[in-house]
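Peer 1:
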Amino acid sequence: MTSFASQIWTLTQARQITARTHLVLQALASFQGHRGLFPSHESIAARAGCSTRTVIRALEAAYSLGLVERTRQRMRRSGRVVNGPNRYRLILVSLEQAKAAAAHATQRLKEALARRKLRLSSNCQNDSELYFQRDIFFEKPRSKNDWLDLIASWSPSPSTS
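Per the working numbering, the very first residue in the sequence shown carries number 454; after that it's consecutive.
#1: For residue 536, write down the residues that DSSP places opposite it in a beta bridge.
#2: Would you say residue 520 and residue 544 are within 9 Å of each other, going by their C-beta atoms?
#3: Residue 595 by DSSP, collapsed to three states: which one?
#4: Helix, strand or coil for residue 477 per DSSP?
#5: Suppose you measure from the CA of residue 477 to the CA of residue 575; what does that come to, to the nearest Å?
#6: Considering residue 485, what are the terminal residues of the alpha helix (DSSP H) in which it resides?
#7: Return the chain-ordered list of same chain residues with a C-beta closer than 8 Å to the C-beta of residue 460, the five sequence neighbours on each side being excluded.
#8: When we look at the beta-carbon of residue 573 and count the other beta-carbons within 10 Å, is it buried (16 or more) or exposed?
#9: Return the bridge partner residues of residue 631 from the DSSP annotation.
#10: Start and end of the alpha helix (DSSP H) containing residue 458?
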């Protein structure tokens with residue numbers, strides 16, 4: 454089993470991560486303690502000598518490669534639920550890295566689909582235009598008479614001449 458530092462060095466040499474990402478990941482690893490790993494973005498940025506935005510980009514790259522796993526924590530303050538500190542886990546085993554990368558990609562895809570659905574629903578003025586949003590799997594089943602009435606409404610009415 455290799456150390457985290459040697460893994461990120463290998464990735465830097467293979468040009469899979471940038472030098473800034475390398476510095477950010479080294480700074481993140483330096484916060485490892487017996488109680489866990491949960492520094493703020495600002496703390497990582499100060500230790501790595503870069504901006505907070507660079508830290509966020511570097512961590513996104515690490516999540517995508519499966520090097521780091523993030524657990525978001527929620528806290529209750531003054532009766533409200535607010536974001537707490539992120540808890541990080543450095544992943545050393547290749548199989549676990551692949552699982553973490555797949556889980557991160559899945560989460561990103563779910564978030565993107567939720568944003569797209571929200572955008573589509575806000576763009577449409579009339580709910581009837583969004584036929585595809587109707588949940589046809591949970592509609593009440595129709596009886597035989599309901600179907601016959603529906604079909605009868607489609608056919609032209611007989612003319613009385």
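Every residue, glycine too, gets a C-beta built ideally from N, C-alpha and C.
Peer 2: Reading off the structure:
#1: Here residue 536 refers to the residue found at position 83 when the sequence shown is read from its first residue. In DSSP, residue 536 forms a bridge with 527.
#2: Your numbering for residue 520 matches position 67 in the sequence shown. Your numbering for residue 544 matches position 91 in the sequence shown. Cβ atoms of residue 520 and residue 544: closer than 9 Å.
#3: The sequence position of residue 595 within the sequence shown is 142, counting from 1. DSSP places residue 595 in coil when its eight states are reduced to three.
#4: Within the sequence shown, residue 477 is the residue found at index 24, counting from 1. Residue state, collapsed to three classes: helix.
#5: Taking the first residue of the sequence shown as position 1, residue 477 is located at position 24. Taking the first residue of the sequence shown as position 1, residue 575 is located at position 122. Rounded to whole angstroms, residue 477 to residue 575 spans 38 Å at the Cα level.
#6: Residue 485 sits at position 32 when you count from the first residue of the sequence shown. Unbroken run through residue 485: none, as it is neither H nor E.
#7: Counting from one through the sequence shown, the residue named residue 460 turns up at place 7. In the same chain as residue 460, and ignoring 5 residues on each side of it, the C-beta atoms closer than 8 Å to its own belong to 520, 545, in chain order.
#8: Counted from its first residue, the sequence shown places residue 573 at position 120. Exposed, since its Cβ has fewer than 16 Cβ neighbours within 10 Å.
#9: As displayed, the chain neither begins before 454 nor continues past 614, which places residue 631 out of reach and without an answer.
#10: Residue 458 sits at position 5 when you count from the first residue of the sequence shown. Unbroken alpha helix (DSSP H) run through residue 458: 457–466.
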